[in-house]
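A.B. asks: First the structure, which I've put down as structure tokens, then a few questions once you've had a look.
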């Protein structure tokens, strides 16, 4: 049996990596430049975020012109997501893997569980306790693209206004939004789209400067309190531009993390990243206030904020993600453990096979981490 386990591990790993490649969506669309920096569980990676540089007129002289001091910031990726999916094999199933190279159905389900975990993790970075995407297009509570592409166009405008690069843009939508979009003449007709992919294969592909992808793991924001209404800024001296919080009172239906709102006197939309109560409520927000907000300025929360779908339009650099094989020091079990990296998806996977009483336990596990590092390069397409 020991020889059988040794023989079957490479096959299980190879099959697992192939299945992981087929199931993964978001990891292939985001910035993966930091994979090589990750090492082990608990490691952190600093992602530099460039600061703006001013172009200056050239004045010839004997000395070089002074260079404006730069203040680049950084975001931190914690390699703290470590998950496994395990199952048992009968002796017959084990033999089929060894002799016939057949992937057990439970192995496919285990890989699917891990792929979904990674996918949802990246999706959820759109709204967290540290950051979030507030730019948006579409109408909350209404599936986009029922009759036109205005929701995408509005979201695209937000990216353009934020000077997001025009290449490496992705539009990730759920099945309902895709069903609407694929029914539009603009997505089917060769005269509109320039090829036959839409009508022949049902594949939107690259359109309007973005690669469109359908993903069943697109997440829904829910405020179980209902849509917040009637909330006013509460500060005697108001709130200065640049603040990342605003105190509010008088409203009904308490805001929660992930709610999106605008406030009178300030132009951009903000997303709530934390809510603290103490008589009134303090909302921690991103982005920071772009202009001073007066006391009693009204907050307007996204209509149907109680529940909306977070379809995404983003540039690759909005998100940073890293996945690395677990270090040798963590590989217990000798020859019964093997790890490798899929060259296409970039995801690493480890398989561990152990003989138990009259059965064989197989465990796939994966280590990863990520962050929303440049939210200005992303926008929600509300649904």
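Numbering (my numbering), first residue to last: 9 to 391. C-beta: ideal position from N, C-alpha, C; glycine also. Just so it is clear, the structure is predicted and the values come from calculations on it, not from any experiment.
1. Could you name the residues that DSSP lists as bridge partners for residue 362?
2. Take residue 121 and list the residues in its own chain whose beta-carbon comes closer than 7 Å to its own, dropping the five residues that flank it on each side.
3. What's the C-alpha gap between residue 256 and residue 298?
4. Whole alpha helix (DSSP H) runs in the segment 217-280 with 4 or more residues, listed along the chain?
5. With which residues is residue 96 paired in a DSSP beta bridge?
6. From 306, 274, 303 and 350, pick the residue whose C-alpha is nearest to that of residue 294; which is it?
7. Compare the C-alpha of residue 265 against each of 142, 377 and 276 and name the closest.
8. Going along the chain, which residues of its own chain have a beta-carbon closer than 7 Å to the beta-carbon of residue 251, five neighbours each way excluded?
9. Excluding five sequence neighbours on each side, which residues of the same chain lie with their C-beta closer than 8 Å to the C-beta of residue 292?
10. Thinking C-beta only, is residue 182 closer than 9 Å to residue 147?
11. Runs of 4 residues minimum, wholly inside the segment 165-197: which ones carry the alpha helix (DSSP H) assignment?
12. Using a Cβ-Cβ cut-off of 6 Å (strictly less than) and excluding sequence neighbours within five positions of residue 105, which residues of its own chain qualify?
13. Helix or strand or just coil, what does DSSP make of residue 38?
14. Can you tell me whether DSSP reads residue 114 as helix, strand or coil?
15. Quick check on DSSP: helix, strand or coil for residue 304?
16. Answer with buried or exposed for residue 99, where buried requires no fewer than 16 other C-beta atoms within 10 angstroms of its C-beta.
17. Around the Cβ of residue 367, are there at least 16 other Cβ atoms within 10 angstroms (buried) or fewer (exposed)?
18. Is the beta carbon of residue 380 closer than 9 Å to that of residue 140?
19. Could you tell me the alpha carbon to alpha carbon distance between residue 310 and residue 269, rounded to whole angstroms?
20. Grouping DSSP H, G and I as helix and E and B as strand, with all else coil, what is residue 83?
21. Looking only at DSSP bridge pairs, what is residue 89 linked to?
C.D. replies: Result, derived from the coordinates:
1. By 1-based counting over the chain shown, the position of residue 362 is 354. For residue 362, which the question treats as bridged, DSSP gives the partners 369.
2. For the purposes of this step, residue 121 is taken as the residue at position 113 of the chain shown. So the list reads 93, once near-sequence residues are dropped.
3. Taking the chain shown and counting its residues from 1, one reaches residue 256 at position 248. Taking the chain shown and counting its residues from 1, one reaches residue 298 at position 290. The alpha-carbon of residue 256 is positioned some 17 Å away from that of residue 298.
4. Listed in chain order, nothing qualifies, since the segment 217-280 has no complete alpha helix (DSSP H) run of 4 or more residues.
5. For the purposes of this step, residue 96 is taken as the residue at position 88 of the chain shown. Its beta-bridge partners are 369.
6. Here residue 294 refers to the residue found at position 286 of the chain shown. Restricting attention to 306, 274, 303 and 350, the CA atom closest to the CA of residue 294 is found in 274.
7. Mapped onto the chain shown, residue 265 falls at position 257. The candidate whose alpha carbon is nearest that of residue 265 is 142.
8. One-based indexing of the chain shown puts residue 251 at position 243. Counting only Cβ-Cβ distances below 7 Å, and skipping sequence neighbours, we find 296 and 297.
9. Position 284 of the chain shown, counted from the first residue, corresponds to residue 292. Closer than 8 Å at the Cβ level, and outside the excluded window around residue 292, lie 252, 253, 280, 281, 282, 283 and 284.
10. Here the question's residue 147 lines up with position 139 in the chain shown. Here the question's residue 182 lines up with position 174 in the chain shown. No, the pair does not count as a contact, with Cβ atoms beyond the cut-off.
11. Qualifying alpha helix (DSSP H) stretches, in chain order: 183-190 and 193-196.
12. As a working note, residue 105 is residue 97 in the chain shown. Correct list, in chain order: 16 and 19.
13. Residue numbering aside, residue 38 sits at position 30 when the chain shown is read from its first letter. Taken through DSSP and simplified to helix, strand or coil, residue 38 comes out as coil.
14. The count along the chain shown starts at 1 and reaches residue 114 at position 106. It is helical.
15. As a first step, residue 304 must be located in the chain shown, where it is residue number 296. The answer is coil: DSSP assigns residue 304 none of H, G, I, E or B.
16. Within the chain shown, the letter at position 91 stands for residue 99. The residue is exposed, with fewer than 16 neighbouring Cβ atoms inside 10 Å.
17. Here residue 367 refers to the residue found at position 359 when the chain shown is read from its first residue. The residue in question, residue 367, is exposed, as its Cβ has fewer than 16 Cβ neighbours within 10 Å.
18. Stepping through the chain shown from its first residue, residue 140 is reached at position 132. Stepping through the chain shown from its first residue, residue 380 is reached at position 372. Yes.
19. Counted from its first residue, the chain shown places residue 310 at position 302. Counted from its first residue, the chain shown places residue 269 at position 261. Cα to Cα, the separation comes out at about 6 Å.
20. Walking along the chain shown from the start, residue 83 turns up at place 75. Here residue 83 sits in strand by DSSP.
21. The residue labelled residue 89 in the question sits at position 81 within the chain shown. Its beta-bridge partners are 376.
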